[in-house]
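Q:
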Amino acid sequence: MKKIIVFCGLILLLAFLLWWQLAELRRSDSNLASNPSQVEKTVDREAAREPSQGYKPPENPAHGETNPRKEPARYGVDVFGIVRDKAGSPIRGAEVKVFQGSDYHPGGEIITATLADGTYSLTGLHFPSNSPYQVVASAKGYAPASSGLFFISHPPKRIDLILTGGPPLSGRVMNESRRAIPGATVELLQGVWSGPMSRIDETETNADGAYAFKHVSPGDYWFYVSAKGYINQWRNIVIAPQGTQPAQHFLLEYAGKGYCSGVVLDENDQPLEGVKVKGYQSYVSALRAGFSRTCNSSADGSFLLEGFVTKGSDGGKVPIKLKATKEGYRESETTIFPDDKSVLIRLQKDLLGSISGRVVEAVGGDSSKPVTEFQVELFLLETSFISQHFQSTTGEFLISDISESSFYDLRISAPTLAPHFQKYLEVKSGEETSVGSIRLSRGAIITGKVRGKGKLEPLVGAKVYIDAGGAKKNLQILTGTSTDKTGFYRLEGVPPGSNYVLATHPDYATTVSPKIEVEGGEEYSDIDLVLANGGSIDGNITDDGIPLAGQMVSITPFSYPDPTGGKKILGPRISIQADENGYYHKDGLMPGPHLCFAYIPGRRADVTGEANTVSDFVEVVEGKTTRFDIDLCAGSGSVRGKVTSEAPIPPGTTGVSIQLRRNKAVGANTTTTVAHIISTSVGSSFSFHDVCPGEYTFETSLLYDIPGGVRSQGVSCMPDPPGALVVQAGKTTERDVVLTLGYDY
């Protein structure tokens, strides 16, 4: 009898313990919003892993620092929120990732999964609070959703995300004869054309050349299509929140039959294996990348590149820019021609350079107080490639192993302090470049709300940024965040001086605040923004009256004046594809002037990339549609000449882009719009065909390869002989272009 009583007692005890564990789990789930750090980390290990598994403490001791702290407590922050569907219902088991910057690199993220109520929590993140990050959520049957760039702050940062089904996106990849290209790679990316891009999805075409993405959330995307034996192609596309998405078809041009081969040796004439050899022929436009082929040298140093175009439209040979790179060696560049079978490339050991400095806080005129924790980011042609977190009692830092270049930009940031930018740093091989003492001033705080639909509805998840205006290009976005469920936002570390607040949302037109003059350390509240539906632009695209089906039109909004009194370009370029009748239409544009631009391959377009363009300023009015028809001029004039330079071209240059811009009177002033674009190289000749009569000017840029595309850097030039460039019908105007290498921006 006693045994039965003891056995029953054990059963009751086990039942009580099980009930107690379940009750604790329910209490833990319900306390997420008030105390997210207490969320149990026993969530479905197959779908999530603890943050500690995706994080390694920084190991970047500052210059002169012997015992840096590995895990500073002030950077252990929390990010939490809820993932819902469009109807507001929570999504269970959604994968949530957080990673640094705008470019996603697998393995560098921290991952978790949502609970039954759609909540997630990432605790103790050791990220610098003044460096940009983003959260991305995804789930089966939904398109991924991103928070956009934000800055982790204290107290915990709440990021709610909404997943939508998203329209399917499909199309075909064909050659110039409209035959299917099976096995072509179609990549879907997000980002800025001149900067890094994040790969959202990737697929291959089937036997019919067809591809499909099941779910794509609303937003601005880039296509990158590539196939062996064809010239790669880029295209920008905007996915609307409602409706079906038109098919995106691609016609790829055949690559040529030219080739080159040779050998790579070191400075002692020994063969080098594993050298990356890239051959490049200029074919650059706003929507098309350069044609290139890449291979690695074999054990005997030999290499072979195929698929190049041998002759241009004028019958002359088209040069190939060869670039050879290998870690630990200096980059080598040379220019050859197709069918060269005896190319000799020599690589020398690379003596890398470094950048050093000291970060101090500018408070009350005292510039000697060191900033002990800060972030240093290095950009090459505005593309971030080095980001290091420093802890230093002296405020000193050192970034080593940097290749020689004159195009480095430096960004230094620290919590509550305004970021510092420094452009065009020059690093020389084997030398240390000192930037001296960098003074960071106290940043301001700006708060407010974002509303829509008649100024009443708070907008959740609107992206809010600070823009200091001026000519900072892609570095202009200094800080950013997202609105909460009440539409509230808080921006920290705003630099003293003139600033603008920008708000964007997929369902509304972008809105920008009036200019705000801020002082360091001050807080500015009630900077509210109201997003409206905006206006529209539509029209037909024709070539001598013939509709251009599938033609792309780019629309760039202009907004507030910059310090020089001109108009400041706001936000990324928006691209629309015309339908089968050459008709295009775009809603949700911010009221104000926009530059409409159509890039149309020239009638004699070849590998030199000649193109005709039509561009003009169009005024967008709230609630109205502005008509802008585009017709390619049937011009009969020509311009030809040669490109030279007053000074040596900087290393890393792959070509020169020349714009032929038509002068146009606007009231009492004169503006210029792009009429033709061509890509060539210094020392080569160029020619523009089918040019309409009128007065023109040249504008030039140097071209560089960057991850995901080609980057251009504007440089000044002058015509030779000097004077007005006037084109007449049926005549050829001779004019050379001389690069003066003074940077325009």
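Residue numbering for the sequence shown follows the working numbering, starting at 4 and increasing by one per position.
The C-beta atom is built at its ideal place from N, Cα and C for all residues, glycine as well.
Who are the Cβ neighbours of residue 338 in its own chain at under 8 angstroms, not counting the five residues just before and after it?
A: Counting from 1 along the sequence shown, the entry for residue 338 is found at position 335. If we look at residue 338 and ignore the five residues flanking it on each side, its Cβ neighbours are 322, 323, 324, 325 and 684.
Q: Work out the CA separation of residue 281 and residue 660 for me, nearest whole Å.
A: As a first step, residue 660 must be located in the sequence shown, where it is residue number 657. As a first step, residue 281 must be located in the sequence shown, where it is residue number 278. Roughly 20 angstroms between the two C-alpha positions.
Q: So, is residue 588 buried or exposed, given that buried needs 16 or more other C-beta atoms within 10 angstroms?
A: Counting from one through the sequence shown, the residue named residue 588 turns up at place 585. Counting Cβ neighbours within 10 Å, residue 588 comes out exposed, since fewer than 16 surround it.
Q: Would you mind giving the Cβ-Cβ distance between residue 121 and residue 85, rounded to the nearest angstrom? I have them listed as a contact below 8 angstroms.
A: Here residue 121 refers to the residue found at position 118 when the sequence shown is read from its first residue. Here residue 85 refers to the residue found at position 82 when the sequence shown is read from its first residue. Sure, about 5 angstroms apart at Cβ, within 8 angstroms.
Q: Compute the Euclidean distance between the alpha carbons of residue 233 and residue 331, then round it to the nearest angstrom.
A: Here residue 233 refers to the residue found at position 230 when the sequence shown is read from its first residue. Here residue 331 refers to the residue found at position 328 when the sequence shown is read from its first residue. Those two C-alpha atoms are separated by around 33 angstroms.
Q: Using a 10 Å radius around the Cβ and a threshold of 16 neighbouring Cβ atoms, would you call residue 347 buried or exposed?
A: Taking the sequence shown and counting its residues from 1, the one referred to as residue 347 is at position 344. By the neighbour-count rule (16 or more Cβ atoms within 10 Å), residue 347 is not buried but exposed.
Q: Within the same chain, show all residues whose beta-carbon is closer than 6 angstroms to that of residue 351, passing over the 5 residues directly before and after it, in chain order.
A: For the purposes of this step, residue 351 is taken as the residue at position 348 of the sequence shown. Cβ neighbours of residue 351 beyond the five flanking positions: 270 and 333.
Q: State yes or no: is the C-beta of residue 694 within less than 9 angstroms of the C-beta of residue 723?
A: By 1-based counting over the sequence shown, the position of residue 694 is 691. By 1-based counting over the sequence shown, the position of residue 723 is 720. Contact: no.
Q: Pick out whichever of 447, 405 and 445 has its Cα sitting closest to the Cα of residue 428.
A: As a position in the sequence shown, residue 428 is number 425, starting the count at 1. Looking at the Cα atoms, 405 is the closest of the given residues.
Q: With distances taken from CA atoms, which of 376, 680 and 596 is nearest residue 689?
A: The residue given as residue 689 occupies position 686 in the sequence shown. Closest option to residue 689, Cα to Cα, is 680.
Q: From residue 649 to residue 718, what distance separates their C-alpha atoms?
A: In the sequence shown, the residue the question calls residue 649 occupies position 646. In the sequence shown, the residue the question calls residue 718 occupies position 715. Each residue's Cα considered, the two are about 12 angstroms apart.
Q: Whose C-alpha, out of 301, 736 and 585, is nearest the C-alpha of residue 639?
A: As a working mapping, residue 639 is identified with position 636 in the sequence shown. Ranked by how close their Cα comes to the Cα of residue 639, the residues 301, 736 and 585 have 736 in first place.
Q: What are the boundary residues of the beta strand (DSSP E) that residue 231 is part of?
A: The sequence position of residue 231 within the sequence shown is 228, counting from 1. Counting along the chain, no beta strand (DSSP E) covers residue 231, and no H or E run does either.
Q: Residue 749 by DSSP, collapsed to three states: which one?
A: Outside the shown range of the chain (4 to 748) lies residue 749, about which nothing can therefore be said.
Q: Going by alpha carbons, who is nearest to residue 308 out of 591, 541 and 283?
A: Mapped onto the sequence shown, residue 308 falls at position 305. Looking at the Cα atoms, 283 is the closest of the given residues.
Q: For a test of the three-state rule: what should DSSP assign to residue 2, helix, strand or coil?
A: What is shown of the chain runs 4 to 748, which leaves residue 2 out entirely.
Q: The beta strand (DSSP E) with residue 1 in it runs from where to where?
A: Because residue 1 is not part of the residues shown, which for the chain are 4 to 748, the question remains open.
Q: If the criterion is Cβ atoms closer than 9 angstroms, does the pair residue 599 and residue 561 meet it?
A: Numbered from 1 along the sequence shown, position 596 holds the residue referred to as residue 599. Numbered from 1 along the sequence shown, position 558 holds the residue referred to as residue 561. It is not a contact, given that the beta carbons lie outside the stated cut-off.
Q: So, for residue 734: in the same chain, excluding its five sequence neighbours on each side, which residues have a beta-carbon less than 8 angstroms away from its beta-carbon?
A: Along the sequence shown, read from residue 1 onward, the residue named residue 734 stands at position 731. Once the five neighbours on either side are set aside, the close Cβ partners of residue 734 are 640 and 641.
Q: Give the range of the beta strand (DSSP E) segment to which residue 630 is assigned.
A: To locate residue 630, count along the sequence shown from 1; it is residue 627. Counting along the chain, the beta strand (DSSP E) containing residue 630 begins and ends at 628 to 630.
Q: Please report the distance separating the alpha-carbon of residue 249 from that of residue 297.
A: The residue labelled residue 249 in the question sits at position 246 within the sequence shown. The residue labelled residue 297 in the question sits at position 294 within the sequence shown. Rounded to the nearest angstrom, the two C-alpha atoms are 34 angstroms apart.
Q: What separation, rounded to the nearest whole angstrom, lies between the Cα atoms of residue 219 and residue 149?
A: For the purposes of this step, residue 219 is taken as the residue at position 216 of the sequence shown. For the purposes of this step, residue 149 is taken as the residue at position 146 of the sequence shown. One C-alpha to the other measures close to 12 angstroms.
Q: Tell me, to the nearest whole angstrom, how far the beta carbon of residue 492 is from that of residue 451; I am working on the premise that it is less than 8 angstroms.
A: Position 489 of the sequence shown, counted from the start, is the residue given in the question as residue 492. Position 448 of the sequence shown, counted from the start, is the residue given in the question as residue 451. Yes, they are in contact, since the Cβ atoms of residue 492 and residue 451 sit about 6 angstroms apart, within 8 angstroms.
Q: Secondary structure at residue 743, three-state DSSP: helix, strand or coil?
A: The count along the sequence shown starts at 1 and reaches residue 743 at position 740. If DSSP states are grouped into helix, strand and coil, residue 743 belongs with the strands.
Q: What number of angstroms, rounded off, separates the C-alpha of residue 590 from the C-alpha of residue 557?
A: What you label residue 590 is simply residue 587 of the sequence shown in a count that begins at 1. What you label residue 557 is simply residue 554 of the sequence shown in a count that begins at 1. Approximately 13 angstroms between the Cα atoms of the pair.
Q: Would you mind giving the Cβ-Cβ distance between residue 189 and residue 226, rounded to the nearest angstrom? I have them listed as a contact below 8 angstroms.
A: Here residue 189 refers to the residue found at position 186 when the sequence shown is read from its first residue. Here residue 226 refers to the residue found at position 223 when the sequence shown is read from its first residue. Rounded to the nearest angstrom, the Cβ distance from residue 189 to residue 226 is 7 angstroms, consistent with a contact under 8 angstroms.
Q: Here's a check: name, in chain order, each residue in its chain whose Cβ is nearer than 6 angstroms to the Cβ of residue 729, leaving out the five neighbours to either side.
A: The count along the sequence shown starts at 1 and reaches residue 729 at position 726. Excluding residues within five positions, the ones whose Cβ falls inside 6 angstroms are 698.
Q: Would DSSP call residue 184 helix, strand or coil?
A: As a working note, residue 184 is residue 181 in the sequence shown. Per DSSP, reduced to three states, the secondary structure at residue 184 is coil, with no helix or strand assignment.
Q: Classify residue 361 as helix, strand or coil using the three-state DSSP reduction.
A: Here the question's residue 361 lines up with position 358 in the sequence shown. Residue 361 falls in the strand class under three-state DSSP.
Q: Residue ranges of each beta strand (DSSP E) run of no fewer than 3 residues wholly in the stretch 381 to 420, ordered along the chain?
A: 386 to 394, 399 to 405 and 408 to 416
Q: Quick test of your reading: residue 453 and residue 532, contact by CB under 8 angstroms. State the CB separation rounded to the nearest angstrom.
A: Position 450 of the sequence shown, counting from 1, holds the residue named residue 453. Position 529 of the sequence shown, counting from 1, holds the residue named residue 532. Indeed, because the Cβ distance is near 5 angstroms, the residues count as touching under 8 angstroms.
Q: So what does DSSP say about residue 622, is it helix, strand or coil?
A: As a first step, residue 622 is located in the sequence shown; it is residue number 619 there, counting from the start. Three-state result, residue 622: strand.
Q: So the beta strand (DSSP E) residue 752 belongs to, where does it begin and stop?
A: With the chain running from 4 to 748 in the structure shown, residue 752 is simply not present.
Q: Could you tell me if residue 682 is buried or exposed, where buried requires 16 or more neighbouring beta carbons within 10 angstroms of its beta carbon?
A: For this step, residue 682 is matched to residue 679 along the sequence shown. The residue in question, residue 682, is buried, as its Cβ has 16 or more Cβ neighbours within 10 Å.
Q: Against chain D, with Cβ distances strictly below 9 angstroms, would residue 686 count as a contact?
A: Going by chain labels, chain D is absent from the structure shown, which holds only one protein chain.
Q: Using three-state DSSP, classify residue 271 as helix, strand or coil.
A: The count along the sequence shown starts at 1 and reaches residue 271 at position 268. Residue 271: coil per DSSP, three-state reduction.
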